[in-house]
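Here is the structure we will look at, set down as structure tokens.
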Amino acid sequence: MKSFYITTAIDYVNGSPHLGHAYEKVLTDVIARFRRLMGDQVHFLTGTDEHGQKVQQSARKRGIPPQQLCDEVSAEFRALCAKLNISNDDFIRTTEERHKKVVRAVLQQLFDKGEIYKAEYRGFYSTRQEQFLQEKDRLPDGSWPEIYGEVTEIVEPNYFFKLRAYQDWLVEFLRGHENFIFPRYRQKQVLEFLKEPLNDLCISRPRERLEWGIPLPFDENYVTYVWFDALINYYSAVVDKPGIWPATFHVIGKDILMPPHAVYWPIMLHAAGLALPQGLLAHGWWMTSGAKMSKSTGNALNPLDLVDEFGVDAFRYFLIREMNVGQDSDFTREQFLARYNSDLANDLGNLINRTLNMTNRFGGAQVPAAEVAEEPEREVHALWDKTRDEALTLCEGFQFHAALERTFIFIKSINAYIEKRAPWKLGKSVEAADQALLRTSLATMAEALRLAAALLRAVMPATTDKINSVLGYTPGAVWREELNWGNRLVGAKVAESLVLFPRPAPTPPAVGNKPAGPKS
RNA sequence: GCCAGAGUAGCUCAGUGGUAGAGCAGAGGACUCAUAAGCCUUUGGUCGCCGGUUCAAUCCCGGCCUCUGGCACCA
């Protein structure tokens, strides 16, 4: 079985989960579920990044130990995974011993090889904020903003990793692996960036400034800083699990593609003699009216509430259907409702319910066998084969939004097929030919629905299960075989009815000067 | 400033060297198994702006405008 190891970025615990985190987890989960269905041996890792200045400061502000803060927030991210029905196999925290051990081992190894050296770091330091500032922090007139207090240029000994020595190697590597980064144009960006010489990477902070971190194994007066801690989680989580490394894909936000994942990480691995991942998948951001969606912007709408209101599958469907992986998308309640009502409630949900109803009313609650295959049936069969083939290809290329689009075209075609056959008319006829057509139409709509549901499995797993359940069907172990048109449902006893995606109560018209709707 | 991506119907987007397509929204119709859902028909666009190449450009070239992102030790 082919091994497929996929990761999300680990989330920094200095803030609560928001839509961006949710999207990355859902996207990665859909890929993981899809690969499992395709027969790969999948290992899916997510987790939390827990060290650093900001965590230390936040904990101090609240008067609690940093570990307690990490425990609290990390639990929130775990809860998010559960809420979103994420199928991760492991959840790593950078404060776990299994991780720290590996970070120290890798650092020691690189130090012994001479890849890490001590030198002086020079920069502008804000005592009040306890951090070094960058040129871009300056005001246009060259002075430093008030919040930094007194800023002084200081020189501090630190440890550096020899990034620059590997710059040419990295350029060669990327030229030789054109599909290393998805989407492709991002790889060009990285190569463009690499035309400028790299500086070596400062990987340490003195302990008197930063306590909350992993001590360098070769100098306990320092802790390692950010990347040698965070990135190594991908490796530390599986170091004792044979057959998983290297990663197949790291799914990350475009904001941490360059330089960390596209430059530091490959060089770190190469320098340490470890195999490189097959690829990086950089996704875009959700925006609201052009503004990045995050907690700090104080957007009134909390998209995660939609999970409680409409169910996790509806939420997952929206994220995957609406976002073209790699690009940015807008998130509005209106767009969500449009998708929910049109695709899920009207097209799919209603199709399920009417299929159950008709099977009960005209078929004695049992799926009959198809007896004829005339033009309408042949059209549905042909469209299914085309839909399945295209959808699989699209999913393999991360074009899930397009795969869902095709799938829903097929679902709509089932509705159209039903109108063509009009079983409610056939049901009134006593002619043998009409009765055969009736049985055929009931069989066809049920089978088409089963197939459509199977194709949705990676995106809406609970929905697929429910549809199978009301169709009285238990799917077989091999998903690919489930995608073939057949007669598996013949004789199945179907449920009476199912309203899967109930239409939301109509919003009261926003007229007059009444106060806005009830606050719950 | 440099680099990259994007500017196509009210909205979200697809697309091709030969005077443009889908879904949603809007309008009309026939039906009734169904979540007043579904089905059929339909309105709607000088394809960002200006030039050029071509018999012909939305798609090729040049310039410009606008939006988004990256530009290093910052998550």
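Numbering of the first sequence is given in my numbering, commencing with residue 355 and proceeding in unit increments.
Note that beta-carbon positions come from the ideal geometry of N, C-alpha and C, so glycine has one too.
- By the C-beta density criterion, residue 547 is exposed, having fewer than 16 other C-beta atoms within 10 angstroms.
- When secondary structure is reduced to three states using DSSP, residue 598 falls in the coil class, being assigned neither helix nor strand.
- With contacts defined by Cβ atoms closer than 8 Å, residue 694 and residue 664 form a contacting pair.
- Bounds of any beta strand (DSSP E) do not take in residue 548, whose DSSP letter is neither H nor E.
- Between residue 592 and residue 581, the beta carbon gap of about 19 Å keeps them out of contact (Cβ cut-off 8 Å).
- In the same chain as residue 507, and ignoring 5 residues on each side of it, the C-beta atoms closer than 6 Å to its own belong to 478, in chain order.
- Between the alpha carbons of residue 463 and residue 626 lies a gap of roughly 7 Å.
- Residue 444 carries a strand assignment under DSSP once its states are collapsed to helix, strand and coil.
- Contact between residue 724 and residue 828 is ruled out by a C-beta separation of about 21 Å, above the 8 Å threshold.
- Restricting attention to 789, 765, 749, 760, the CA atom closest to the CA of residue 812 is found in 749.
- In this structure the stretch 673–692 lies against the stretch 752–763, because at least three pairs of beta carbons, one per stretch, are closer than 8 Å.
- Restricting attention to 792, 824, 788, 790, the CA atom closest to the CA of residue 804 is found in 824.
- Burial is judged here by how many other beta carbons sit within 10 angstroms of a residue's own beta carbon; residue 747 has fewer than 16 and is exposed.
- Separation of residue 784 and residue 727 (C-alpha to C-alpha, rounded to the nearest whole angstrom) is 20 Å.
- The Cβ neighbour count for residue 612, taken over all protein chains shown within 10 Å, is at least 16; the residue is labelled buried.
- Per DSSP, reduced to three states, the secondary structure at residue 641 is strand.
- For residue 516, same chain residues with a beta-carbon under 6 Å away, outside a window of 5 residues either side, are 469, 554 in chain order.
- One thing to note: residue 698 has its Cβ no nearer than 8 Å to the Cβ of residue 621.
- Within the stretch 492–541, complete alpha helix (DSSP H) segments of at least 4 residues are found at 521–530, given in chain order.
- Between the alpha carbons of residue 807 and residue 544 lies a gap of roughly 40 Å.
- Residue pairing of residue 475 in beta bridges, as defined by DSSP: 510.
- Per DSSP, residue 482 is not a residue of any beta strand (DSSP E), being assigned neither H nor E.
- By the C-beta criterion, the stretch 553–570 is judged to be in contact with the stretch 406–416, since at least 3 inter-stretch pairs fall below 8 Å.
- Residue range 373–391 is occupied by the alpha helix (DSSP H) that includes residue 377.
- Put simply, the stretch 697–712 touches the stretch 844–861. At least three CB pairs are less than 8 Å apart.
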